[in-house]
Amino acid sequence: FMQHKRAVVHMAKSCGEQMIKFFDADLPVNMDVLIAGAILCDVGKLLEYEKKDGKTVQSEYGKYVRHPFSGVALAEAHGLPPAVLHIIATHAGEGDLVRRSVEAYIVHHCDFMTFLPFKERLVI
1367 FMQHKRAVVH MAKSCGEQMI KFFDADLPVN MDVLIAGAIL CDVGKLLEYE
1417 KKDGKTVQSE YGKYVRHPFS GVALAEAHGL PPAVLHIIAT HAGEGDLVRR
1467 SVEAYIVHHC DFMTFLPFKE RLVI
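Numbering-wise, the working numbering puts 1418 at position 52 of the sequence shown, and it's gapless, one number per residue.
#1: With a CB to CB cut of under 6 Å and the five nearest residues on each side skipped, what residues in its chain are close to residue 1369?
#2: Between which residues of its own chain and residue 1395 is the CB-CB distance below 6 Å, once the five residues before and five after are set aside?
#3: Pairs of beta-carbons, one from the region 1421-1437 and one from the region 1472-1486, closer than 8 Å: are there three or more?
#4: Under the rule that 16 or more other beta-carbon atoms within 10 Å means buried, what is residue 1414, buried or exposed?
#5: My output table needs one value for residue 1422: the three-state DSSP class, helix, strand or coil.
#6: State the start and end residues of the unbroken alpha helix (DSSP H) segment that holds residue 1407.
#7: Cβ of residue 1405 within 8 Å of Cβ of residue 1434?
#8: Output the boundary residues of the alpha helix (DSSP H) element that contains residue 1442.
#9: Starting from the Cα of residue 1440, find the closest Cα among 1464, 1457, 1408 and 1425 and give me that residue.
#10: How long is the line joining the alpha carbons of residue 1445 and residue 1419, rounded to whole angstroms?
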């Protein structure tokens, strides 16, 4: 999990820097919001999963409320800005139904780039 989180944060930061380099004012990227969102996008997993018999399993809470929703609730309760809440809410598949900010698109793609290859890759 932590390897995934570190990868998402570092990749999102690099992507944001490259977007600024290539597009500058045409496609502004708020790096503070981007990095905060990348760090916190999976914070709800603290409620979605639990340790049971030495294994990580979905919690009873997590069966009903996925981590994008619980993550927004946690972040909002601690006063994070709406732009960061938006990234937490939209980084996973649930976000496919709404318009994402530039920062949310970056985090979404970095998150899936470091998750899907482990789940769905073609092994030859």
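Quick reminder that beta carbons are idealized off the backbone N, C-alpha and C, glycines included.
Put simply:
#1: none
#2: 1382, 1385, 1386 and 1468
#3: no
#4: buried
#5: strand
#6: Where residue 1407 is concerned, there is no enclosing alpha helix (DSSP H), given that its DSSP letter is neither H nor E.
#7: no
#8: 1433-1443
#9: 1408
#10: 35 Å
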